[in-house]
Ligand code: SAH
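The following block contains the structure:
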């Protein structure tokens with residue numbers, strides 16, 4: 234069976250070409266054809282000899298994603314529903330920032346982490362996405378942006394799915410988009426977000442990637458975190474923070490702690506104090522996120538959010554309040570996909 238050509242990092246192509254007796258540099262040439270020239274037909278890769286093009290053609294095919302729907306928000310955020318080869322629908326979000334354009338990537342169809350507040354967790358994982366399916370989310374959107382002279386400058390791996398539950402494919406994907414012969418998205422412009430799969434945080438620490446790590450913390454006691462985030466029953470806060478400290482020692486990269494403010498649940502000043510204590514002595518900053526109401530929970534009101542923020546600042550914690558985007562098109566956390574699936578069922 235032919236392989237999706239976007240599934241391979243340059244290193245994987247090198248290994249493959251060496252195994253068939255072709256020189257390694259072919260991998261670089263192929264990468265440039267795919268990601269710089271955006272060629273989607275081996276016969277157009279005229280810097281390769283015909284025999285080599287034939288080998289490529291027999292081995293690989295050009296995968297694609299079908300555009301099922303595009304929604305544009307008043308603030309310019311765009312949300313795409315893409316169809317995979319087996320009919321699964323995923324979503325990808327493109328956001329505008331003063332510093333560029335960022336794309337939020339889906340890593341799994343559904344998710345098994347089961348966090349109570351998250352719409353994605355309401356649908357069980359169907360399967361992992363391949364590296365190609367993640368690369369294509371960026372590539373398709375970058376192709377559209379190219380038409381107006383723009384490009385994808387940032388990638389956040391925060392869409393549906395738990396990236397560290399699909400570790401190898403996510404790493405292969407990161408290598409391809411980060412590659413200077415690939416999509417050339419700077420490592421510091423790539424953020425991967427995890428709910429805290431501790432062994433994978435250690436593995437990630439060893440890879441020498443300069444990408445940003447974000448940790449979905451959201452709760453400050455084991456009791457509460459275990460109630461809302463099942464992963465905490467497996468890896469509690471002490472173990473988790475030990476892994477985060479290890480990551481920092483290894484990489485010297487500052488960690489982002491994500492904290493959704495849920496009304497009456499984790500938004501008191503006692504919570505803020507516990508959070509300050511957890512973060513103490515760590516090179517981390519806290520990203521406060523307004524909750525996107527998807528189910529039984531309510532977001533904290535503006536005044537409470539402000540008080541929480543001010544408290545952390547007073548305690549010397551680096552804190553940012555995340556601006557919300559695409560609210561009018563449900564551009565957050567699996568809502569659109571859920572809606573679509575409900576429609577399909579009806
Ligand atoms: N599984 C990964 C990445 C996907 S979720 C993780 O847990 O980090 C990306 C972020 O969005 C996480 O911090 C998640 O907790 C948060 N999130 C989930 N549902 C949300 C909602 N309705 N509103 C705001 N943030 C939400």
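In the numbering used here, the protein residues as written are 234 to 579.
All C-beta atoms, glycine included, are put in the ideal place defined by N, C-alpha and C.
A distance criterion of 7 Å places the beta-carbon of residue 460 beyond contact range of the ligand SAH, judged by its closest non-hydrogen atom. CA-CA distance, residue 294 to residue 246, rounds to 14 Å.
Nearest C-alpha to residue 338 among 325, 332, 346: 325.
Taking a 10 Å sphere around the C-beta of residue 276, we find fewer than 16 other C-beta atoms and assign the residue as exposed. Within the DSSP secondary-structure output, residue 450 pairs in no beta bridge. Unbroken beta strand (DSSP E) runs of no fewer than 3 residues, entirely contained in the region 291 to 327, are found at 299 to 305, 311 to 316, following chain order. In terms of side-chain proximity, the C-beta atom of residue 310 is found no nearer than 7 Å to any non-hydrogen atom of the ligand SAH.
Of all alpha-carbon atoms in 466, 450, 525, the one lying nearest the alpha-carbon of residue 509 is that of 450. Of the candidates 321, 299, 351, 266, the residue whose Cα lies closest to the Cα of residue 289 is 266. DSSP links residue 490 through a beta bridge to 448, 519.
Within the DSSP secondary-structure output, residue 554 pairs in a beta bridge with 521. In terms of side-chain proximity, the C-beta atom of residue 491 is found nearer than 7 Å to a non-hydrogen atom of the ligand SAH. Excluding residues up to 5 positions away in sequence, 431, 434, 435 lie with their Cβ nearer than 7 Å to the Cβ of residue 476 in the same chain. Shown here for residue 299: same chain residues with a beta carbon closer than 7 Å to its own, the five before and five after excluded, namely 315, 316 in chain order.
By the CB criterion at 8 Å, residue 428 and residue 390 fall outside the cutoff.
At least one heavy atom of the ligand SAH sits closer than 7 Å to the Cβ of residue 525.
Closest option to residue 532, judged by alpha-carbon separation, among 492, 236, 514: 492. Within the DSSP bridge table, the entry for residue 341 names 361 as partners.
Taking C-alpha positions only, residue 238 is separated from residue 264 by approximately 10 Å. Counting only residues of its own chain and dropping the five nearest sequence neighbours on each side, residue 500 has a CB closer than 8 Å to the CB of 494, 533, 537, 538, 541. Comparing alpha carbon positions, the residue from 473, 469, 517, 466 closest to residue 485 is 517. Around the beta carbon of residue 473, a 10 Å sphere encloses 16 or more other beta carbons of the protein chains shown; the residue is thus reported as buried. Shortest gap from the CB of residue 350 to any heavy atom of the ligand SAH: under 7 Å. At the C-beta level, residue 447 and residue 489 come within 8 Å of one another.
Taking non-hydrogen atoms of the ligand SAH into account, the C-beta of residue 554 is found less than 7 Å away from none of them. With 16 or more other CB atoms across the displayed protein chains lying within 10 angstroms of its CB, residue 387 is buried. Contact check for residue 323 against residue 393 passes: the beta carbons are separated by less than 8 Å.
Here the alpha carbon of residue 383 sits roughly 44 Å from the alpha carbon of residue 454.
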